[in-house]
């Protein structure tokens, strides 16, 4: 179940300003979340349906997974039809190389 604070954060991350402020972004949809597993990015949370979590328990065991209903995921999602999962991911920091004189 998604808490009120988590739901507020998920909704806020739909805005560019909030993504920058929190240093987080959303990955939405079943396929995208599964691709994220092998990406090497730092995943804070995965919100998903019970079915999705059961089917992919082996791939997702390293992450903090929170079971949510389809209704909760629909409320939290910025997509029209998000039917399985949403992940909250840290924005990777890029170090700019110093220019040599």
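In my numbering, the protein residues as written are 432 to 532.
We put the beta carbon where it would ideally sit given N, CA and C, even for glycine.
Please read all numbers here as calculations on a predicted model, not as lab measurements.
So, helix, strand or coil for residue 507, using DSSP?
Taking the chain shown and counting its residues from 1, the one referred to as residue 507 is at position 76. Three-state result, residue 507: helix.
Kindly identify the DSSP beta-bridge partner or partners of residue 459.
Counting from one through the chain shown, the residue named residue 459 turns up at place 28. Paired residue(s): 517.
Tell me the rounded alpha-carbon separation between residue 446 and residue 440.
For the purposes of this step, residue 446 is identified with residue 15 of the chain shown, where counting begins at 1. For the purposes of this step, residue 440 is identified with residue 9 of the chain shown, where counting begins at 1. Using only the alpha carbons, I get a separation of about 10 angstroms.
Do residue 520 and residue 478 come within 8 angstroms of each other at the CB atom, strictly closer than that value?
Against the chain shown, residue 478 aligns to sequence position 47. Against the chain shown, residue 520 aligns to sequence position 89. In this structure, residue 520 does not lie closer than 8 angstroms to residue 478 by Cβ.
Taking its Cβ as the centre, do 16 or more other Cβ atoms sit within 10 Å of residue 504, making it buried, or is it exposed?
As a position in the chain shown, residue 504 is number 73, starting the count at 1. Classification of residue 504: buried, given that the 10 Å Cβ count is 16 or more.
If I follow the unbroken beta strand (DSSP E) through residue 479, where does it start and stop?
By 1-based counting over the chain shown, the position of residue 479 is 48. That run of the beta strand (DSSP E) goes 474-479.
Which same chain residues, not among the five before or five after residue 484, have their C-beta less than 7 angstroms away from its C-beta?
Taking the first residue of the chain shown as 1, we reach residue 484 at position 53. Counting only Cβ-Cβ distances below 7 angstroms, and skipping sequence neighbours, we find 491, 496, 498.
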